[in-house]
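Chains as they are written, first to last, in our numbering: chain A, 566 to 680; chain B, 3 to 116. Note that beta-carbon positions come from the ideal geometry of N, C-alpha and C, so glycine has one too. All remarks here apply to the structure that follows.
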Amino acid sequence: DAGVTQSPTHLIKTRGQQVTLRCSPISGHKSVSWYQQVLGQGPQFIFQYYEKEERGRGNFPDRFSARQFPNYSSELNVNALLLGDSALYLCASSSEIFRDDYGYTFGSGTRLTVV
Amino acid sequence: DQQVKQNSPSLSVQEGRISILNCDYTNSMFDYFLWYKKYPAEGPTFLISISSIKDKNEDGRFTVFLNKSAKHLSLHIVPSQPGDSAVYFCAARTSGAGSYQLTFGKGTKLSVIP
């Protein structure tokens, strides 16, 4: 079975630009969450979507937005990029809104560099 | 303010010995705790979890202990193997209004020396 797939793997953007990151959850998984991991820190919660509805939002500015499609894939959009947005962006999926036996399954992430 | 703290950035252990990774938290609303392992260029991989109503959970070589009064949990790996060398993240769950989110510590880099 394919795991959580994220695209692109790496990208470089310029300050002020906009970026869209994509995530395909494991087949049958209805919950998708996004996390940001800055170098030297643990992942930080950005959004959770379940059954195509936003269920939770972390402490991130409105420049960050996301959506989930009918096939449960998801996009994370970041507008007006800042240097501080440089990070590894992780997508996590789960068959339910949370699974006690494994929490979430994470993808390998998209490494975003803002210059 | 860090709600989940892993105060040891790194830990070195001899192969075959016990590895003990520690985690402290401040938020009493955390109701579930998880440990994830991360290799370079990969996403975090689930290792083991524990509910806040329990004090111990065991899975093979991995055991997690929870001390609620001290707001402390630890991960024991026995015996440690070179393949266990990775960054270990402690994560705590909060739930509310139909959402679940994880708060992670900064991680501890474990090196198991052959």
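Classify residue i as buried or exposed, calling it buried when 16 or more other Cβ atoms lie within 10 Å of its own Cβ.
i, result
"Ser14 of chain B", "exposed"
"Ala657 of chain A", "buried"
"Leu586 of chain A", "buried"
"Gly83 of chain B", "Before going on, a small fix: residue 83 of chain B reads as Gln here, not Gly. When all chains shown are included, Gln83 of chain B counts as exposed."
"Glu58 of chain B", "The residue asked about is misnamed: residue 58 of chain B is Lys in this sequence, not Glu. With fewer than 16 other Cβ atoms within 10 Å, it is exposed."
"Pro573 of chain A", "exposed"
"His594 of chain A", "buried"
"Ile79 of chain B", "buried"
"Tyr34 of chain B", "buried"
"Val89 of chain B", "buried"
"Ser1 of chain B", "An answer regarding residue 1 of chain B cannot be provided, because it is not within the stretch 3 to 116 covered by chain B."
"Lys56 of chain B", "exposed"
"Gly98 of chain B", "exposed"
"Tyr669 of chain A", "buried"
"Tyr41 of chain B", "exposed"
Between residue i and the rest of its own chain, which residues show a CB-CB distance below 7 Å, the 5 nearest in sequence each way excluded?
i, result
"Gln16 of chain B", "Ile115"
"Lys73 of chain B", "Asp26, Tyr27, Thr28"
"Tyr600 of chain A", "Pro608, Gln609, Phe610, Ile611, Leu655, Ala657"
Going by C-alpha distance, which of the options is nearest residue i?
i, options, result
"Ser21 of chain B", "B:Val66, B:Ala93, B:Phe32", "B:Val66"
"Ile52 of chain B", "A:Asp666, A:Arg580, A:Phe629", "A:Asp666"
"Gln5 of chain B", "B:Phe106, B:Lys111, B:Ser113, B:Phe91", "B:Phe106"
"Val597 of chain A", "A:Val603, A:Gly605, A:Phe610", "A:Phe610"
"Ile662 of chain A", "A:Gln601, A:His575, A:Tyr614, A:Arg580", "A:Tyr614"
"Ser113 of chain B", "B:Gly85, B:Ile55, B:Lys56, B:Asn9", "B:Gly85"
"Asn9 of chain B", "B:Phe64, B:Leu104, B:Ser76", "B:Ser76"
"Phe48 of chain B", "B:Asp3, B:Asp61, B:Pro11, B:Ser30", "B:Asp61"
"Pro11 of chain B", "A:Gln606, A:Arg628, A:Glu619, A:Pro626", "A:Gln606"
"Pro626 of chain A", "A:Gln633, A:Arg632, A:Leu646, A:Leu653", "A:Leu646"
"Asp650 of chain A", "A:Arg628, A:Arg664, A:Gln633", "A:Arg628"
"Gln582 of chain A", "A:Asn644, A:Phe671, A:Arg664, A:Leu648", "A:Asn644"
"Cys24 of chain B", "B:Leu68, B:Arg63, B:Asp3, B:Pro46", "Checking the sequence, you will find Asn at residue 24 of chain B rather than Cys. Comparing Cα-Cα distances from Asn24 of chain B to each of B:Leu68, B:Arg63, B:Asp3, B:Pro46, the minimum goes to B:Leu68."
Spatial neighbours of residue i within its chain, please: C-beta separation below 6 Å, excluding the five flanking residues on both sides.
i, result
"Ser589 of chain A", "Thr570, Ser638"
"Gly18 of chain B", "Pro81"
"Leu36 of chain B", "Ser51, Ala93"
"Lys108 of chain B", "Gln8"
"Leu104 of chain B", "Ala93, Arg95"
If you drop the 5 nearest sequence neighbours on each side, which residues of the same chain put their C-beta closer than 8 Å to that of residue i?
i, result
"Pro635 of chain A", "Lys617"
"Thr579 of chain A", "Leu646, Val679, Val680"
"Leu576 of chain A", "Val584, Thr675, Arg676, Leu677, Thr678"
"Gly568 of chain A", "Ile591, Thr670, Gly672"
"His602 of chain A", "According to the sequence as given, residue 602 of chain A is Gln; it is not His. Pro608, Gln609, Ala652, Leu653, Tyr654, Leu655, Gly674, listed in sequence order."
"Tyr102 of chain B", "Arg95, Thr96"
Hey, would you say residue i sits closer than 8 Å to residue j, going by beta carbons?
i, j, result
"Phe32 of chain B", "Thr110 of chain B", "no"
"Ala94 of chain B", "Tyr38 of chain B", "no"
"Leu641 of chain A", "Ala652 of chain A", "no"
"Arg622 of chain A", "Gly100 of chain B", "no"
"Ser660 of chain A", "Glu44 of chain B", "no"
"Lys70 of chain B", "Ser54 of chain B", "yes"
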